[in-house]
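These notes concern the structure reproduced below.
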Amino acid sequence: MPELLVYLSSFRHITIVCHPNADPDCIGSAYALQTSITSTIPSSNVTIYTPDSINTASHRLINYLKIETSQDIPSDTEIFLLVDTSSLDQIPDVKSHILNKGTPYILLDHHFPDQQTMNNAAIAIVRETSSTCEIVYDVLKKQTLTPEALDALLVGLIYDSRRFLIRPSSSVKAAAKLIKRGAKAELAIELLSADQDPSEKMAKLKGAARTRIFRASSWTFAVTHVGAFEASVARALTDLGADLAFVVNDSTEPLRLTGRSQDQFYNQTGLNLARDIMQPLAEEFSGQGGGHPTAASANLKTSLSCLLPRILDLIAERLHIRRDSIIEIDTKK
Ligand SMILES: [Mn+2]
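Okay, so the sequence shown: first residue is 34 according to my numbering, each after it adds one.
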C-alpha cells in the first residue's frame, strides 16, 4: 500500500480540500483519491470540500462522475488532504480549523511551493509536474483504480497540461499509461469541451479592447482590466501574441491580479511569475499570491494605478534592464 494510504488508515474522517474555483485537475485528483481511500480503508469517511464556487470547466466532469462535494468543512474532520493547492492562505476556513484544533494536513500539489504550508504538513508530496493528477496517479498506480477514476485523472491531466503543451514528455507518457489502463481519451476530450459562457467571451473582448501594450527589447507585455474571467482573458492575450500578460480585476476588494507568460519568455528570461512578481507584490500590498512560473495570481490591497508602475519595476529588475527602457506603445495610431 502507498505510504499515503498507510498514513491515512489511522484516520476515520478525512476531508479532501479543493482550491476555490476548483478546476478539472483538482476535481479529478480529489475523485481518484476519494475512491481509492474508501475502497482501501473501508472504515473511512471521505468528504470532498469545495470552497466558493467550482470552475465551469469542471461541470461536465462532475456530472459524469456524479461527485457530491461539500461547501462546508465537516466538523468531525480528523485530517485534511489538500490537493492542487499550495498555500493555506487560499483556504482561510481550513487554515483556521487547523490553527484552532491542531488538525494535521497532507499536501499533494504541483504549484510553486509556499514554504510555510509545506513545512507544517504531515506529509508533503510536491513535484514539478504539469498536473496534480499525474502526482496522484503516481502515488496510486499500484492500487486498483475504477474506470471513472482513470477517466477523472486523464481529464485533469489534459486540462492542466493545456492539452500537452506543458511538460509534454512527461504529460504524454502519463496520459498513455492511463489510457493503457482503460481511461477513455475521446470521452476525456468531450468532458472538457465546454460551450463558452457569453460573459466570458465578452470579458475577453473587453479585456483586449482595453489593453495597454508595453515593449522592452524584443518582448511585448499586455496589461488590462476586467470584472471577471481574468485567467481566461490573460491567456487570450498571450494567445494573441503578448509574451507576458497581466489582468487586473478591480471589481473586488482586494483586487485580483492574474499573470500569464509564454514558455519561450520564461525559458529565455527566467522570470518566474509566482516567485518574482506575485510573491513580492503580495508582501508589498499585504495580500497573498502564488502559482506557477508562467501562470500566477495574487490578491492585493491596492489600486490598478499604484500597481502598474510596481509591476514594471519588478519586470525591469528581473530582466536586468533599465526601467525607462520599457516603453508604452501608442495604440491609437
Ligand atoms: Mn493543477
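For glycine and all other residues, C-beta sits at the position ideal for the given N, C-alpha and C.
| query | result |
| --- | --- |
| Could you check whether the Cβ of Asp-58 sits closer than 8 Å to any heavy atom belonging to ligand 1? | yes |
| Is Gly-139 near Ala-154, with beta carbons less than 9 Å apart? | As written in the sequence, residue 139 is Ile, which differs from the Gly given in the question. Cβ distance < 9 Å, so Ile-139 and Ala-154 count as in contact. |
| Consult DSSP for Ala-275 and reduce its assignment to one of helix, strand or coil. | coil |
| Decide yes or no for the touch test of the region 173 to 192 against the region 287 to 300: beta carbon pairs closer than 8 Å, at least 3 of them. | no |
| Which word fits Cys-166, buried or exposed, when buried means at least 16 other C-beta atoms lie within 10 angstroms of its C-beta? | buried |
| Would the beta-carbon of Asp-147 be found less than 8 Å away from any heavy atom of ligand 1? | no |
| Counting pairs of beta carbons, one from the region 253 to 263 and one from the region 301 to 317, are three or more of them closer than 8 Å? | no |
| When you compare the CB positions of Asp-230 and Thr-89, do they come within less than 9 Å of one another, or not? | yes |
| Locate the alpha helix (DSSP H) running through Thr-165, then write down its first and last residues. | 165 to 173 |
| What is the residue span of the alpha helix (DSSP H) that His-258 lies within? | Element bounds for His-258: not the alpha helix (DSSP H) but the beta strand (DSSP E), 252 to 258. |
| For Ser-103, which of helix, strand or coil comes out of DSSP? | strand |
| Whole-angstrom Cβ separation of Ser-250 and Thr-271, contact assumed at under 8 Å? | Going by Cβ atoms, the distance from Ser-250 to Thr-271 rounds to 18 Å, so no, they are not a contact pair. |
| Excluding the 5 residues flanking Thr-162 on each side, which residues of the same chain have their C-beta closer than 6 Å to its C-beta? | His-143 and Ile-168 |
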